[in-house]
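Protein chains in written order, with the UniProt record's numbering: chain W, 1 to 542; chain E, 1 to 542.
Take a look at the structure:
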């Protein structure tokens, strides 16, 4: 088996995606996900160019992965030792460093405005400096394929300059994303024929013609042994090669599965779908249903012909087993499959329902009707559990909400400063007694936290005999999406809550009114918490 | 130049997409779009299997495209003339008919439960019957690639049975989507070597490994002369080969551009982006930003290095000219952007700032400081423009907001029903005059639309002398996400607005309070609209 290395650039090229801006804690969480998956390198960002990137390297988690800082080859006219861009990259103190440099003559003259010789010198000296400082050096050969087509001799000289200076890897980059797979294969073969060893070459593709995965595979077929890519194909313009697609392709499909080994443990593939969706969660993006391997539709068999054959043998219409990549089969046409799916889901929440129980059909149509109105139960497990218990008659009526009122006012205070104040009044009924509670929404510094927070504070302030059960509860996340409920756009709110025992649960609310949707999710959150401890027991503990 | 035929199956395989169900008028509109684009065949559906498909063929528009009905080869034990499935397909009266049949021995025994000879006979007789009835016959060889790997002899026999019976085309289908491009190329070459002429072979791929486009190109390289695909890559599971990607690849990129001609007029490529978005409109889907060629991010240059080079020459970071496919270049503002990016961005909004003007530095640090607090200017172009004009002293003080108040109340009405009512009061000052306006937020059916809508209605109700300028303005989208502003979680709201002239613009607001954040974005939206017409001119037009 030959070793193939995976280099992830989600935190660097992935951050070039339009609309994506990771915070430092988000970068740390993504690095931990990549470590769990088993990639070989994490390119964490460009220290010095970006404050969050510098902060990430300072706080970077301990992982088995080789942490890599990204930067640029030195400028002409300055020594590598005195180049401030290189110095910032060195200061990140990562074991590996990846420097991007020009290899296309047109870019050397047009974008940099220096001579071809100066550029070669910049590559050599920058790489040599990193090596002298004890770093594993990578060289990203920018625009390599376009460069090779324009001036093959020069492009190859750049590659060899980096290799001769001690670069562990030279990564051939199709920066503009326009090179088709067959061309990539041909050009890689020429590079190897020129004396560059394949096990020191990498490939970096973009998806501008939807060929980023195919181009990466063509480069591996031609001899490279490192692939650069990103989770969910994030990246500049149309994105980079999608590692979430490449990894199962390399591990599960021939000729790759029996030719190469990677750092990814085949058993870790079950994390692939959850990891892909967690990233979408961090970005507050709707997961792409049609995504290969991990999309909700990737193993959905809608055609009647397909669905009936799948029942006989899943391999009739599936190229891999969905369970292997942590995904699941969906047969939307078959009510039977729906019910067995549902029973499995109920078992996960500790509810056992016999096969054939008519409550299953009722539950399924209730879930479907609500999903048509914009609800989603994929992530809001706690709301799903409440819905199921309600259909089964297992949901106690803990409390009732009589009414609520929230007001948000922006005005000038006595000192003439513009301030915003939110106030909420909630009237609940517990054991026939009306409880009225009111709350403002201020953080410790006296700043207003908005209407949802005000509502939560009022609701959680006095819930009569249940109060002791929710005292340790707090809201930890709040996600809002505008979605389609029937023909109207509605707001979907998902609230994540946590309690003192570290339990975390998610609930959902849907309405045209964002405050109403939030309130529904809040009430579910409290109700789910009350389900966990029977009231009598909670009271006995008082 | 060799002729390459494009066969669109958006209306048949595309309808297998999870969540997609076209109505007959929608099918007609899509057929007209395909005609405008210039594909050769439209597969309109399966008459008899689907009522909307039968209705579509009855009402199908007159096009230059060869309309094709889809069906299945006859069952064993019935003559082609007496097979009711074939009869329904014939009744659609299309000039061409495409019949799917098995070519994988395992499927013949497992899914059909008949002998291999019976299946060959079904293929021959069904195709011959269509030809005898004067139709152009196509045979979709289902699971051909898996079949070839399992039993090469038999798979090839099926192909030749269809060809010998008079099929104009035999389409090699990778039904499960698991065959990689290199394998597709090798197998197609073997089929041609067996005596099947390439100009009677087609390719049908799925995107289960993200290789549908690459697999189609590999088949063309190996000799097939028909490609089947769908608009926007719709289709079963992960979708079919995306014609919106394949068409510009074939027309603009080598070796295809100078080797093949298709029915698509190169000048019709400017319709590509609008057609792709119109289809999303019909499906009520958000267009995929990272889609090759047509996505909003396909020519967005976020990296500072890229943006500065683009200013010198767009070909430095673009593989094709966005205008050719009806798309446009975007240089978003972001944390990564430098001053050149900023100048370019300013020029797009009609603001010229000399290189070296200190206002650029001030603007950049203002943008960065705001992005640290949670703002994003990638998509909120209008808010970016206002911020720039403010730094340059070019932003008139149109109006001032003195205060606002919103209340949301949920209670029982006189009939005992639970209702929610939102009310907003906004006090603005125009030319020293205070204007107070109040509004509820009800849609036509009397349902509450929430606090943001109430605020918008109150703000847009009376803005004194500016009222005529915002009368035609409406909110078209509203996006919310919780993000990190410094150390605190804050809410970011992006609002898309539109006016009567079809202009569309986006603004952003950030606050711990979602209503405050929304209000900030609303005020920006109104202010940007007021910038477009100088007040004097607007007043003169009254």
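Even for Gly, the Cβ is constructed at its ideal location relative to N, Cα and C.
Sub-9 Å separation of residue i and residue j beta-carbons
| i | j | result |
| --- | --- | --- |
| residue 164 of chain E | residue 104 of chain E | no |
| residue 306 of chain W | residue 208 of chain E | no |
| residue 437 of chain W | residue 459 of chain W | yes |
| residue 428 of chain W | residue 386 of chain W | no |
| residue 31 of chain W | residue 96 of chain W | no |
| residue 308 of chain E | residue 338 of chain E | yes |
| residue 226 of chain W | residue 171 of chain W | yes |
| residue 262 of chain E | residue 272 of chain E | no |
| residue 517 of chain E | residue 490 of chain E | yes |
| residue 222 of chain E | residue 184 of chain E | yes |
| residue 126 of chain W | residue 180 of chain W | no |
| residue 213 of chain W | residue 214 of chain E | yes |
Which listed residue (the options) has its alpha carbon closest to that of residue i
| i | options | result |
| --- | --- | --- |
| residue 92 of chain W | W:130, W:249 and W:391 | W:130 |
| residue 296 of chain E | E:55, E:1, E:277 and E:224 | E:277 |
| residue 33 of chain W | W:53, W:11, W:18 and W:21 | W:11 |
| residue 135 of chain W | W:250, W:352, W:99 and W:183 | W:99 |
| residue 42 of chain W | W:268, W:424 and W:63 | W:63 |
| residue 508 of chain E | E:405, E:221 and E:494 | E:494 |
| residue 285 of chain W | W:26, W:481 and W:3 | W:481 |
| residue 345 of chain E | E:330, E:270 and E:358 | E:330 |
| residue 204 of chain E | E:231, E:175, E:193 and E:498 | E:175 |
| residue 55 of chain E | E:219, E:89 and E:443 | E:89 |
| residue 451 of chain E | E:416, E:513, E:391 and E:399 | E:513 |
| residue 357 of chain E | E:391, E:403, E:377 and E:116 | E:391 |
| residue 59 of chain E | E:26, E:76 and E:87 | E:26 |
| residue 119 of chain W | W:311, W:232, W:355 and W:160 | W:160 |
| residue 143 of chain W | W:121, W:475 and W:102 | W:102 |
| residue 66 of chain W | W:6, W:503, W:21 and W:78 | W:6 |
| residue 108 of chain W | E:266, E:316, E:238 and E:15 | E:316 |
First and last residue of the uninterrupted beta strand (DSSP E) at residue i
| i | result |
| --- | --- |
| residue 555 of chain E | Lying before the first or after the last residue shown, residue 555 of chain E is absent from chain E, which here runs from 1 to 542. |
| residue 439 of chain W | 433 to 440 |
| residue 170 of chain E | 169 to 173 |
| residue 466 of chain W | Premise fails: residue 466 of chain W is in no beta strand (DSSP E) and is neither H nor E. |
| residue 102 of chain W | 96 to 102 |
| residue 505 of chain W | 504 to 511 |
| residue 41 of chain E | 41 to 45 |
| residue 557 of chain W | Nothing in the structure corresponds to residue 557 of chain W, since chain W is present only between 1 and 542. |
| residue 226 of chain W | 226 to 229 |
| residue 66 of chain E | 66 to 72 |
| residue 554 of chain W | No answer is possible for residue 554 of chain W: the residues shown for chain W start at 1 and end at 542. |
| residue 183 of chain W | Premise fails: residue 183 of chain W lies in the alpha helix (DSSP H), 181 to 193, not in any beta strand (DSSP E). |
| residue 138 of chain W | 136 to 142 |
Where the alpha helix (DSSP H) containing residue i begins and where it ends
| i | result |
| --- | --- |
| residue 524 of chain W | 514 to 532 |
| residue 247 of chain W | 243 to 252 |
| residue 11 of chain E | Where residue 11 of chain E is concerned, there is no enclosing alpha helix (DSSP H), given that its DSSP letter is neither H nor E. |
| residue 129 of chain W | 116 to 132 |
| residue 364 of chain W | 358 to 372 |
| residue 282 of chain W | 272 to 283 |
| residue 204 of chain W | It is not in any alpha helix (DSSP H) - residue 204 of chain W instead sits in the beta strand (DSSP E) that spans 201 to 204. |
| residue 385 of chain E | 381 to 391 |
Whole-number beta carbon distance between residue j and residue i, since they are thought to touch under 8 Å
| i | j | result |
| --- | --- | --- |
| residue 382 of chain W | residue 524 of chain W | 6 Å |
| residue 455 of chain W | residue 421 of chain W | Not quite, the Cβ-Cβ distance comes to about 14 Å (not below 8 Å), so this is no contact. |
| residue 543 of chain E | residue 279 of chain E | Since the first and last residues shown for chain E are 1 and 542, residue 543 of chain E lies out of range. |
| residue 376 of chain E | residue 19 of chain W | 7 Å |
Residue i Cβ short of 8 Å to the ligand GTP heavy atom set
| i | result |
| --- | --- |
| residue 456 of chain E | What this structure holds is no ligand at all, so the ligand GTP is not there to describe. |
Residues of the region 218 to 240 of chain W whose Cβ lies closer than 9 Å to any Cβ of chain E, in chain order: The residues in question are 218, 221, 233, 234, 235, 236, 237, 238 and 239.
What residues in the region 294 to 326 of chain W bring their beta carbon closer than 9 Å to a beta carbon of chain E? Hits within the stretch, in order: 295, 296, 297, 298, 299, 300, 301, 302, 303, 304, 305, 306, 308, 309, 312, 313, 315, 316, 317, 318, 319 and 320.
Near-chain E residues of the region 180 to 202 of chain W - C-beta to any C-beta below 7 Å: If the cut-off is 7 Å between Cβ atoms, the region 180 to 202 of chain W has 180, 181 and 182 near chain E.
Members of the region 502 to 522 of chain E that neighbour chain W once the beta carbon cut-off is set at 8 Å: Cβ contacts with chain W come from 511, 512, 513, 514, 515, 516 and 519.
What are the residues in the region 105 to 131 of chain W lying within 7 Å of chain E by C-beta distance? Cβ contacts with chain E come from 107, 110 and 111.
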